[in-house]
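Participant: Its first residue numbered 837, the sequence shown is counted upward by one per residue in my numbering.
C-beta atoms are modelled at their ideal positions from N, C-alpha and C, and glycine is treated no differently.
There's a structure below that I have some questions on.
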Amino acid sequence: MKILFLTTGKDAPSYRFRIGQMLPFFEQKGHVCQVAHFPKQIWSRVILFHQLDSYDAIVLQRHLLNPFELSLLRKRTTHLFYDIDDAVMFNSKGESRWKRTGRFLNTMQAVDMVLCGNDYLAEQASQSGTATKIIPTAVPVNMIKEFAGTTRKHLSNKVIIGWTGSRSTCRYLNDLLPVLATFGQQIHLKIISNAKKSFHNKQLGNVTCEHIEWSKKTEYRALADVQIGLMPLPDNAWTRGKCGFKALQYMALSIPTICSPVGMNCQLIDHKKNGFLAQSTTEWRTALQSLIQSETLRKTIGQAGYSTVMQQYNLEIIGPLLVQTIEEAVQPNVLSKVA
């Protein structure tokens, strides 16, 4: 089977974790995979679409094309899939806009199946009657297992609290800084991000803080000494589409995690068993206090979180699931073409 993955940029998390790391599983089954990253200019995309060969399947990732581009792409395959790991039908404030909504509806009508990162996205996609399949974003547990359970270094007995994220999500951590400030010298905050200037460090009071520049080569190594992981989120139509990957990364490293009870986080976290859910300022402070005070609790929660990822979100489970999903959708028309 010949498959084209039409994706976001090669360094984008959505490509790396939902497409890039999945390719070996397709190749192991004898499928021929080609990856094309979206040009920013419209005419460059039109030229790309015209140059494309015919494919047994095309997986379009995240992009909401205009009707002309969508029709060009549709002509290049008998099986068109759409992959989403964010609520692309809304803007980042959770607001609906007619252009974005219209393109999303057009896409749902044009594709044969939507590969959704969570239940919320599947619910949005299925409203148009489109077939959906939930494919959680996977964590490469085997690749990072050397870091899981790493002995945490201590800075004058301070508990290391960590957060990793991008420029677009740093405002969520900023909202939590006043709560962290109340713990003063008990904690040390470690921020792994490419947006150092976007954080309001003055709100931390006398909490010590370090910024580590994010790098895909060192992201797990940078997280390895974190003792509590944070994933704060507001609750809106955009954030409900988040696939909890930040929490999954912490949990895969046996780091006890505190999340806002938003979207997939509520499915991922079993409160006080494999992590903590916290919404109000009081709930965040209580959860933090419990984990800061007890190393035993941190270890217990961390191990439970690791088990959750191993059993449900491990790349070795999700990779074959994606391959099987596409194979079964394409059958029986072209499966005989498998190399």
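If we count the other Cβ atoms within 10 Å of its Cβ and call it buried at 16 or more, is ILE875 buried or exposed?
Facilitator: Note on identity: in this sequence residue 875 is Pro, with Ile being the wrong assignment. Label assigned to PRO875: exposed.
Participant: Helix, strand or coil for GLY1099, going by three-state DSSP, please let me know.
Facilitator: If DSSP states are grouped into helix, strand and coil, GLY1099 belongs with coil.
Participant: Taking C-beta to C-beta, are PHE1019 and LEU1124 nearer than 9 Å?
Facilitator: Going by C-beta atoms, PHE1019 is nearer than 9 Å to LEU1124.
Participant: How is THR1144 classed by DSSP in three states: helix, strand or coil?
Facilitator: If DSSP states are grouped into helix, strand and coil, THR1144 belongs with the helices.
Participant: Does ASN1150 come out as helix, strand or coil in the three-state DSSP assignment?
Facilitator: In this structure, ASN1150 counts as strand in the three-state DSSP scheme.
Participant: Have a look at PHE926 and SER880 and give me their C-alpha separation to the nearest angstrom.
Facilitator: Cα to Cα, PHE926 sits roughly 26 Å from SER880.
Participant: I'd like to know whether the C-beta atoms of ILE971 and GLY953 end up nearer to each other than 9 Å.
Facilitator: It is a contact, given that the beta carbons lie within the stated cut-off.
Participant: Out of LEU1104, HIS1036 and ASN1072, which one is the CA nearest neighbour of GLN1085?
Facilitator: Out of LEU1104, HIS1036 and ASN1072, LEU1104 has the C-alpha closest to the C-alpha of GLN1085.
Participant: Spatial neighbours of SER1172 within its chain, please: CB distance less than 8 Å, with the 5 preceding and 5 following residues excluded, ordered by chain position.
Facilitator: Its pLDDT being 44, under 50, SER1172 is placed unreliably in this model, and the coordinates cannot settle the point.
Participant: Please report the residue range of the beta strand (DSSP E) in which GLN877 lies.
Facilitator: Neither: GLN877 is in no beta strand (DSSP E) and is coded neither H nor E.
Participant: Could you spell out where the beta strand (DSSP E) holding SER1029 opens and where it closes?
Facilitator: It spans 1023–1029 - the beta strand (DSSP E) in which SER1029 sits, taken as one unbroken run.
Participant: Going by other Cβ atoms of all chains shown within 10 Å of its Cβ, with 16 needed for buried, is ALA961 buried or exposed?
Facilitator: It counts as buried.
Participant: Cα separation between GLU959 and VAL950?
Facilitator: Computed Cα separation, rounded: 11 Å.
Participant: Counting Cβ pairs closer than 8 Å, one from the stretch 1058–1074 and one from the stretch 1009–1027, do we hit at least three?
Facilitator: Yes, the stretch 1058–1074 is in contact with the stretch 1009–1027.
Participant: How about HIS1024 and GLU1049: do their beta carbons lie closer than 9 Å?
Facilitator: Not in contact: HIS1024 and GLU1049 (Cβ atoms no closer than 9 Å).
Participant: Can you give the Cα-Cα distance for ARG1057 and GLY965, rounded to whole angstroms?
Facilitator: Looking at the two C-alpha atoms, the distance is approximately 43 Å.
Participant: Whole-angstrom Cβ separation of GLY1001 and LEU1009, contact assumed at under 8 Å?
Facilitator: That belief holds up - the Cβ atoms of GLY1001 and LEU1009 are roughly 7 Å apart, short of 8 Å.
Participant: At the level of alpha carbons, what is the spacing between THR1122 and ASP889?
Facilitator: Taking the straight line from one Cα to the other gives about 57 Å.
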